[in-house]
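**Student:**
Protein chains in written order, with this note's numbering: chain S, 1 to 335; chain W, 1001 to 1351.
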């Protein structure tokens, strides 16, 4: 049934008197009465009016709620990444650096292809910009209410001679919630970002690791959190886990840096021993996203990001596999 | 409902609502039950494998889901629809049927390209492979089962039946008539089983002569005189035409391997797809291309494109990576499943 999109137009199929007196009025569109939804939706009619106009929602550019993020998942193949770590361990700074690299067009093979949360990215890096008026580059802390909210990014790359685009949803668990995640399985189960994550990035703060008083708490928290993940995420074995030694400039800039590096290497070995093979992928990187001196470790950040974009399979698919009872002709031979 | 249906949803929805799962599954199942046409099954397979909407089928499917469960998103739902297509297809694999044959063979053929990465598709694929295995064996019984009723009992029943009819003993007459009826049913079942045994024997004989003869009936040349690459696609075609009942027995793969080992060259060494397809002798291509798609029949799509006999919209995103390396025998086996899929889906065209 046709319907006019202009207010006040008396058009009906029975009385086709358009308000503009045109026989083929461009404002006539196909209307579908969806009784179940209890509303009439305009779903077509002319190239300019597509079904999308109903479903399109206005995005503020801020982080997406779980429901909003679900609409992205409904439509596109999407990777979900969760960044976890103690307060001040550099999660948001790391994400801000990713946003900056895209802005500079320096994210190796990947090109920016859209984001529903540009404001979210901008907010993350705002206090590191000159115009913010901050004396020292800084990052806004992620609040508890921001748990299970998501930054969205779409990136393009050339694969096999064709442009492929991938969507990614990145959640950043507030540092204040990290102790809850370490201590409570129920809390971990309630985090939909953790339950759905394809990639889990755990931040170990190098500033804490070089502090002889704080380092044991930091290492214990990382280990305990990964153990909680194993017991609270049903498909934990399919996870890609990346442990990031963040703020690495703190580990290498002090006088006893060799001692600190050795401690970090031992911690790395311990992590490898405990968790290697327990997840789909397990790797460890050293990152300085916004070092006090020197340049950011952009190459490593690019590598980490590139791994996020590689899709993981839920279960291995083996097309050849053991699918048959191959027929045995010996049954028909004479004894 | 599949026990992992919640997790299937979890891949495409951050907070799956448990209350919507049952009605969605039932709606998907009902849609699949009511849409057994070849084009519908082919479309559902494409949605499941690629997560991309297929013309009007996707709209019809989404509408059916919305009617049963109004919170289902009416648009921008490609991935969710992919999961629901997996549910619809999965529900058809519960019992043996021509539809289930086409679905399972189609999924086997689709495994050549990189199909959907979601858990639902993986579970569907595993179920389809189990179905293929059991159904191929069921359709090829070794011997027909024996009759439940011994022939001596039947002789006696016939004698008693005729005596009762002559003496006008109605109760006795009915009792022995019932026995004879049961015997007739058992006999007809046995005849059907015998048919399947004969079909199996005919298929085995076909394949055995194909191997023993050591020559290609299509190319009319001894295999030892042709290269593996030249025979790759032709071997798949020859094997597919020798399949009796569908789905094909998995041992057909071993027989293709055996036939190719009789050719010159190494059938197991990986070669780039471009090189391999360039050296292949062109097999006979199906005249109708209604069910060709980049997801399920990429090799046939590429061949049709090469000879320019396919509509552009069907092959514009053929999912073959020209630099992909694979052994000739693997290409032959995948092509064999593509042809088997076309045979299986065409059976659904018949009323």
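Beta carbons are placed, not taken as given, at the ideal position from N, Cα and C, and that holds for glycine. Keep in mind that this is a model prediction, so the values were computed, not measured.
1. Which residue marks the beginning of the beta strand (DSSP E) containing residue 1014 of chain W, and which one marks its end?
2. Ends of the beta strand (DSSP E) at residue 190 of chain S?
3. Residue 90 of chain S to residue 1127 of chain W, Cα distance in whole Å?
4. When DSSP labels each residue in this structure, what does residue 81 of chain S get in the three-state scheme?
5. Quick check on residue 1042 of chain W: does DSSP put it in helix, strand or coil?
6. Counting only beta-carbon atoms, is residue 1305 of chain W nearer than 8 Å to chain S?
7. Can you pull the DSSP bridge partners for residue 281 of chain S?
8. Return the CA-CA distance between residue 1207 of chain W and residue 1239 of chain W, expressed in angstroms with no decimal places.
9. Taking C-beta to C-beta, are residue 287 of chain S and residue 246 of chain S nearer than 8 Å?
10. Once you ignore the five residues that flank residue 1165 of chain W on each side, which residues in its own chain have a CB closer than 6 Å to its CB?
11. At 3 residues or longer, and completely inside the stretch 1206-1279 of chain W: list those beta strand (DSSP E) runs for me, N to C.
12. Determine which residues of the stretch 62-77 of chain S have a Cβ less than 7 Å from any Cβ of chain W, and write them out in chain order.
13. Using 8 Å as the limit for Cβ to Cβ distance, is residue 307 of chain S near chain W?
14. Is there a Cβ of chain W sitting closer than 8 Å to that of residue 189 of chain S, yes or no?
15. Do you know whose CA, among S:107, S:305, S:213 and S:265, lies nearest residue 240 of chain S's CA?
16. List the residues that DSSP assigns as beta-bridge partners of residue 170 of chain S.
17. Can the beta-carbon of residue 96 of chain S be found closer than 8 Å to that of residue 115 of chain S?
18. From which residue to which residue does the beta strand (DSSP E) around residue 204 of chain S run?
19. Have a look at residue 1192 of chain W and residue 1167 of chain W and give me their C-alpha separation to the nearest angstrom.
20. Tell me which residues of the stretch 1001-1020 of chain W have at least one Cβ-Cβ distance to chain S shorter than 8 Å, keeping chain order.
21. Output the boundary residues of the alpha helix (DSSP H) element that contains residue 309 of chain S.
22. Does the beta carbon of residue 1078 of chain W sit closer than 8 Å to a beta carbon anywhere in chain S?
23. Bridge partners for residue 1325 of chain W per DSSP, in chain order?
24. Give me, in chain order, the residues of the same chain whose beta-carbon lies closer than 7 Å to that of residue 1041 of chain W; leave out the 5 immediate sequence neighbours on both sides.
25. Using 8 Å as the limit for Cβ to Cβ distance, is residue 1073 of chain W near chain S?
26. Shortest alpha-carbon distance to residue 203 of chain S belongs to which of S:255, S:190, S:196 and S:289?
27. Should residue 281 of chain S be flagged as near chain W, meaning a C-beta pair shorter than 8 Å?
28. Counting only Cβ-Cβ distances shorter than 9 Å, please list the residues of the stretch 188-207 of chain S near chain W, keeping chain order.
29. So what does residue 163 of chain S bridge to, in DSSP terms?
30. With a threshold of 8 Å, are at least 3 pairs of Cβ atoms found where one atom belongs to the stretch 58-69 of chain S and the other to the stretch 174-182 of chain S?
**Tutor:** For this structure:
1. One-based indexing of the second chain puts residue 1014 of chain W at position 14. Here residue 1014 of chain W belongs to no beta strand (DSSP E), and DSSP marks it neither H nor E.
2. As a first step, residue 190 of chain S must be located in the first chain, where it is residue number 190. It is not in any beta strand (DSSP E) - residue 190 of chain S instead sits in the alpha helix (DSSP H) that spans 185-190.
3. Along the first chain, read from residue 1 onward, the residue named residue 90 of chain S stands at position 90. Along the second chain, read from residue 1 onward, the residue named residue 1127 of chain W stands at position 127. In a straight line, the C-alpha of residue 90 of chain S is about 45 Å away from that of residue 1127 of chain W.
4. Residue numbering aside, residue 81 of chain S sits at position 81 when the first chain is read from its first letter. Residue state, collapsed to three classes: strand.
5. Your numbering for residue 1042 of chain W matches position 42 in the second chain. DSSP places residue 1042 of chain W in helix when its eight states are reduced to three.
6. Here residue 1305 of chain W refers to the residue found at position 305 when the second chain is read from its first residue. Not a single C-beta of chain S is nearer than 8 Å to the C-beta of residue 1305 of chain W.
7. As a first step, residue 281 of chain S is located in the first chain; it is residue number 281 there, counting from the start. BP columns for residue 281 of chain S point to S:240.
8. Taking the first residue of the second chain as 1, we reach residue 1207 of chain W at position 207. Taking the first residue of the second chain as 1, we reach residue 1239 of chain W at position 239. Taking the straight line from one Cα to the other gives about 8 Å.
9. Locating residue 287 of chain S in the first chain gives position 287, counting from the first residue. Locating residue 246 of chain S in the first chain gives position 246, counting from the first residue. Against a cut-off of 8 Å, the Cβ pair of residue 246 of chain S and residue 287 of chain S comes out as a contact.
10. Mapped onto the second chain, residue 1165 of chain W falls at position 165. Cβ within range, chain order: 1173.
11. none
12. Those would be 66, 69, 70, 71, 73, 74, 75, 76 and 77, in chain order.
13. Taking the first chain and counting its residues from 1, one reaches residue 307 of chain S at position 307. Cβ-Cβ to chain W under 8 Å: no for residue 307 of chain S.
14. Taking the first residue of the first chain as 1, we reach residue 189 of chain S at position 189. So no, residue 189 of chain S is outside the interface.
15. Numbered from its first residue, the first chain carries residue 240 of chain S at position 240. It is S:305.
16. Within the first chain, numbered from 1, the residue matching residue 170 of chain S stands at position 170. Answer is S:81 and S:151, bridged to residue 170 of chain S.
17. On the first chain, position 96 is the one that residue 96 of chain S refers to. On the first chain, position 115 is the one that residue 115 of chain S refers to. Result no, Cβ atoms of residue 96 of chain S and residue 115 of chain S do not sit closer than 8 Å.
18. On the first chain, position 204 is the one that residue 204 of chain S refers to. Segment 199-205, the beta strand (DSSP E) holding residue 204 of chain S.
19. The count along the second chain starts at 1 and reaches residue 1192 of chain W at position 192. The count along the second chain starts at 1 and reaches residue 1167 of chain W at position 167. Answer to the nearest angstrom: the Cα atoms are 36 Å apart.
20. Along the stretch 1001-1020 of chain W, going in chain order, the ones with a CB nearer than 8 Å to a CB of chain S are 1007, 1010, 1011, 1012, 1013, 1014 and 1015.
21. The sequence position of residue 309 of chain S within the first chain is 309, counting from 1. No alpha helix (DSSP H) holds residue 309 of chain S; DSSP gives it neither H nor E.
22. Counting from 1 along the second chain, the entry for residue 1078 of chain W is found at position 78. The Cβ of residue 1078 of chain W sits closer than 8 Å to at least one Cβ of chain S.
23. For the purposes of this step, residue 1325 of chain W is identified with residue 325 of the second chain, where counting begins at 1. In the DSSP output, where bridge partners are listed per residue, residue 1325 of chain W has W:1272.
24. Along the second chain, one-based indexing puts residue 1041 of chain W at 41. So the list reads 1099, 1102, 1103, 1345 and 1348, once near-sequence residues are dropped.
25. In the second chain, residue 1073 of chain W corresponds to position 73, counting from 1. Answer yes: the Cβ-Cβ gap between residue 1073 of chain W and chain S drops below 8 Å somewhere.
26. Here the question's residue 203 of chain S lines up with position 203 in the first chain. Looking at the Cα atoms, S:289 is the closest of the given residues.
27. Along the first chain, read from residue 1 onward, the residue named residue 281 of chain S stands at position 281. With 8 Å as the cut-off, residue 281 of chain S does not count as an interface residue toward chain W.
28. Listed in sequence order: 192, 193, 195 and 196.
29. In the first chain, the residue the question calls residue 163 of chain S occupies position 163. Answer is S:158.
30. no
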